[in-house]
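Residue numbers (the numbering used here): 35 to 211.
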């Protein structure tokens, strides 16, 4: 189907193959017995890249991550929203739904991860710097989801939700305490 669309646009099947079917980086496969280890590793990767991005983008736009609408809510509401609701909803939409649709369309794993990361970033449209910073987190979450792809639907969903919740707990406490 996508090949037909590319052909109609004059891009041809070779372009379609290069853009969507060819892996541009490898996606590992995590064995079940190493889930906790890799959850910790991906948490460290997410935090290091996240803090690096926030530091860098804060140079261009000081206070870019200070989102006023969160500060207007109570702490309990904000905590539940950031640590429970957002990880569940965003995992279902930005990782599960997007990545499973890409898999059914036979889009390569690496391109699927990039697409899911960009969509995840666009969910956080407070400003351009925040979008760019969250694309990085979205990449980590999507890559982790794909690395868990052999473990069945619920394992990968629950582990990505856990990773996302852990990252948001750190963000919550670094913002409010």
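For each residue, glycine too, the CB sits at the ideal point set by N, CA and C. Note that the coordinates shown come from a computational prediction; the quantities given were computed from them, not determined experimentally.
- My guess is that residue 178 and residue 197 are in contact by the Cβ rule of under 8 Å, so how many angstroms apart are they, rounded? So it is a contact: roughly 6 Å between Cβ atoms.
- Please determine, among 152, 154, 141 and 125, the residue with the shortest C-alpha to C-alpha distance to residue 193. Out of 152, 154, 141 and 125, 125 has the C-alpha closest to the C-alpha of residue 193.
- Item | Cut-off 8 Å between Cβ atoms - residues of its own chain near residue 82, not counting five sequence neighbours on either side | none
- Message: Just verifying my parser: in three-state terms, what is the DSSP assignment at residue 186?
- Response: coil
- Query: With burial defined as no fewer than 16 other Cβ atoms inside 10 Å of the residue's Cβ, what is the status of residue 172: buried or exposed?
  - Reply: By the neighbour-count criterion, in which a residue is buried when 16 or more other Cβ atoms sit within 10 angstroms of its Cβ, residue 172 is buried.
- Message: Considering only their Cβ atoms, is the gap separating residue 176 from residue 147 smaller than 8 Å?
- Response: yes
- Message: On the DSSP letters alone, give me the boundaries of the alpha helix (DSSP H) that residue 146 sits inside.
- Response: 143-157
- Figure out for me which residue from 118, 151, 115 and 116 has the closest Cα to the Cα of residue 131. 151
- For residue 92, three-class secondary structure by DSSP: helix
- Message: Rounded to the nearest angstrom, what separates residue 161 and residue 80 at their Cα positions?
- Response: 20 Å
- Counting along the chain, where does the alpha helix (DSSP H) carrying residue 173 start and finish? 162-181
- Tell me whether residue 211 sits in a helix, a strand or coil according to DSSP, three-state version. coil
- residue 110 - containing alpha helix (DSSP H), residue span: First-last of the alpha helix (DSSP H) with residue 110: 109-114.
- Mind checking residue 190: buried by the 16 CB within 10 Å criterion, or exposed? buried
- Message: Can you look up residue 86 in the DSSP assignment and give me helix, strand or coil?
- Response: helix
- Message: Below 8 Å on the Cβ atoms is my contact criterion, and I expect residue 203 with residue 122 to pass it. Report the Cβ-Cβ distance as a whole number of Å.
- Response: Rounded, the Cβ-Cβ distance is 14 Å, inconsistent with contact.
- Query: Which whole-angstrom value is the C-beta distance of residue 181 and residue 153, which I expect to be below 8 Å?
  - Reply: At roughly 19 Å, the Cβ-Cβ gap does not stay under 8 Å, so residue 181 and residue 153 are not in contact.
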